[in-house]
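Engineer:
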Amino acid sequence: MSNLVKKLEEIVNRFKEVSDLIVDPEIISDMDRYVKLNKEYKDLEPIVQAHKDYTNILGNIETSKEIIDSDEDPELKEMARMELDDLLPAREELEERVKIMLIPKNPEDSKNVILEIRAGTGGDEASIFAGDLYRMYWRFCEKMGWNLELIAQNEGTSGGFKEISFSVSGEDVFGTLKYERGVHRVQRVPVTESQGRVHTSAATVAVLPEVEDVEVELKKDDIRVDTYRSSGAGGQHVNKTESAVRLTHIPTGIVVECQDGRSQHKNKDKAMKVLRSKLYEVELEKQEKEQAVARKSQVSTGDRSAKIRTYNWPQGRVTDHRIGLTLYNLDAIIGGEIDSIIEALQVAENAEKLKEGV
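Residues in the sequence shown are numbered from 2 upward in steps of one, following this note's numbering.
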């Protein structure tokens, strides 16, 4: 028995065990455990189906070989050879797919995220570009069926945003969006440019995994809370009450703000969520950098200072520098069609993990 078959059979046995557990009344009454087991069931289901397909192919290969070796009918032998010619490549293809499915999932991947976009070098044009990225991600997330909630925004003087943050909740949100962390660069003629020259500007994207209270301990004495009047969209109300909240984590100097809601209490809750995520990300980045160095990974997701992608308007081109991927459909990508880039990055990272035996 090959290692692959053995591993698949272990997963099938676990799947049967989980299948029995999720219909157990005692488990159903324990919501936390039921949700975890239900997720495990969904994660294992495609692997169990792949095991069925793989067992089928192996059985058909064996049958074809027996016919070729022992049957006396030339026509039947020829049919078996033709079938074998199709089955062997199908087996190889399925084996590669199964190996990728068996790569251990990062437990962080299932988390929801807080996505922050900040204008970088380039003045007003950087703010306008930050606005373009915001709309790109918002459309992509909506297409994925994820829920979005604005946290805070600071508008640019000529449009766009100096910075904007929002939360995204859904299935495997962090596992999908984590590849977007880093510096995004734009090359185009800004609306503020009178000479028609192409400028290069940048914006930084941070993707923070949302964490529970128990995952990051926050001491009350370590946090300074300031309230102030909200600015921007929201009508006259936002200018009359100090509903906006600013939290400063004294030990690290991390500052977070929330000014989206009219309730100071709700804004504080949101800000605390962002602060926990930022503190968690510091540790996560450290771990990811160590893992990337150990694996010499080209698909870095842990360094927000790395230039990861360029959007070139004159050529209608988007280039992801980590994997050397260049696409000439900028309008579609900036319109939220970033699936192909993310899928290519996932394939590249999985290929690296297989090579390194991760």
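Think of the CB as a built atom: it goes at the ideal place given N, C-alpha and C, for glycine as much as any other residue.
Computed from a predicted model, the values in this text were never measured in an experiment.
Cα separation between N57 and L95?
Structural biologist: Here residue 57 refers to the residue found at position 56 of the sequence shown. Here residue 95 refers to the residue found at position 94 of the sequence shown. So the two alpha carbons sit approximately 11 Å from each other.
Engineer: Here's a check: name, in chain order, each residue in its chain whose Cβ is nearer than 6 Å to the Cβ of V275, leaving out the five neighbours to either side.
Structural biologist: Locating residue 275 in the sequence shown gives position 274, where the first residue counts as 1. Taken in chain order, the residues that qualify are I115, V257.
Engineer: Would you kindly work out how many angstroms separate the C-alpha atoms of T122 and L326, rounded to a whole number?
Structural biologist: Taking the sequence shown and counting its residues from 1, the one referred to as residue 122 is at position 121. Taking the sequence shown and counting its residues from 1, the one referred to as residue 326 is at position 325. Roughly 24 Å between the two C-alpha positions.
Engineer: Identify the residues that DSSP records as bridge partners of G132: which are they?
Structural biologist: Locating residue 132 in the sequence shown gives position 131, where the first residue counts as 1. None; G132 has no bridge partner.
Engineer: Taking F162 as the reference, give the member of L355, E76, I118, N268 with the closest Cα.
Structural biologist: What you label residue 162 is simply residue 161 of the sequence shown in a count that begins at 1. Looking at the Cα atoms, I118 is the closest of the given residues.
Engineer: Do you know whose CA, among R98, I129, K179, lies nearest N155's CA?
Structural biologist: Position 154 of the sequence shown, counted from the start, is the residue given in the question as residue 155. For the residues R98, I129, K179, the minimum Cα distance to N155 belongs to I129.
Engineer: According to the neighbour-count rule (16 or more other Cβ atoms, all chains shown, within 10 Å of its Cβ), is P90 buried or exposed?
Structural biologist: As a working note, residue 90 is residue 89 in the sequence shown. It is exposed - the Cβ of P90 has fewer than 16 other Cβ atoms within 10 Å.
Engineer: Quick check: S65 and A81, are their CB atoms within less than 7 Å of each other?
Structural biologist: The residue labelled residue 65 in the question sits at position 64 within the sequence shown. The residue labelled residue 81 in the question sits at position 80 within the sequence shown. In this structure, A81 lies closer than 7 Å to S65 by Cβ.
Engineer: Name the DSSP bridge partner or partners of D321?
Structural biologist: Stepping through the sequence shown from its first residue, residue 321 is reached at position 320. For D321, which the question treats as bridged, DSSP gives the partners R310, L326.
Engineer: Once the 5 residues before and after W314 are set aside, which same chain residues still bring their CB inside 6 Å of it?
Structural biologist: Position 313 of the sequence shown holds residue 314. Result list for W314: R189, in chain order.
Engineer: Keeping to the same chain, check which residues put their C-beta closer than 7 Å to that of D227; ignore five residues upstream and five downstream.
Structural biologist: Counting from one through the sequence shown, the residue named residue 227 turns up at place 226. Closer than 7 Å at Cβ, skipping near neighbours: R247.
Engineer: For S170, which residues from the same chain have a beta carbon less than 6 Å from its beta carbon, with the 5 sequence-adjacent residues on both sides left out?
Structural biologist: Taking the first residue of the sequence shown as 1, we reach residue 170 at position 169. Hits under 6 Å: N113, N148.
Engineer: Mark A203 as exposed unless 16 or more other C-beta atoms lie within 10 angstroms of its C-beta, in which case mark it buried.
Structural biologist: Mapped onto the sequence shown, residue 203 falls at position 202. Buried is the call here.
Engineer: With distance defined between alpha-carbon atoms, name the residue in S168, W139, S159, E143 nearest to A153.
Structural biologist: Numbered from its first residue, the sequence shown carries residue 153 at position 152. Ranking S168, W139, S159, E143 by Cα distance to A153 puts S168 first.
Engineer: Roughly how many angstroms lie between the CA atoms of P210 and F175, to the nearest whole one?
Structural biologist: Here residue 210 is taken as the residue at index 209 of the sequence shown, counted from 1. Here residue 175 is taken as the residue at index 174 of the sequence shown, counted from 1. Cα-Cα distance, rounded: 6 Å.
Engineer: Using only alpha-carbon positions, find the residue among L45, M32, E284 that is nearest to F16.
Structural biologist: Mapped onto the sequence shown, residue 16 falls at position 15. Here the closest residue by C-alpha is L45.
Engineer: For D33, count neighbouring C-beta atoms within 10 Å of its own C-beta (all shown protein chains included) and say buried if the count is 16 or more, exposed if not.
Structural biologist: Position 32 of the sequence shown, counted from the first residue, corresponds to residue 33. By the 10 Å Cβ count, D33 comes out exposed.
Engineer: I need the DSSP call for K163, collapsed to helix, strand or coil.
Structural biologist: What you label residue 163 is simply residue 162 of the sequence shown in a count that begins at 1. In this structure, K163 counts as strand in the three-state DSSP scheme.
Engineer: With distance defined between alpha-carbon atoms, name the residue in S3, G336, K179, D340 nearest to D110.
Structural biologist: By 1-based counting over the sequence shown, the position of residue 110 is 109. Selected option, being the one with the closest Cα: K179.
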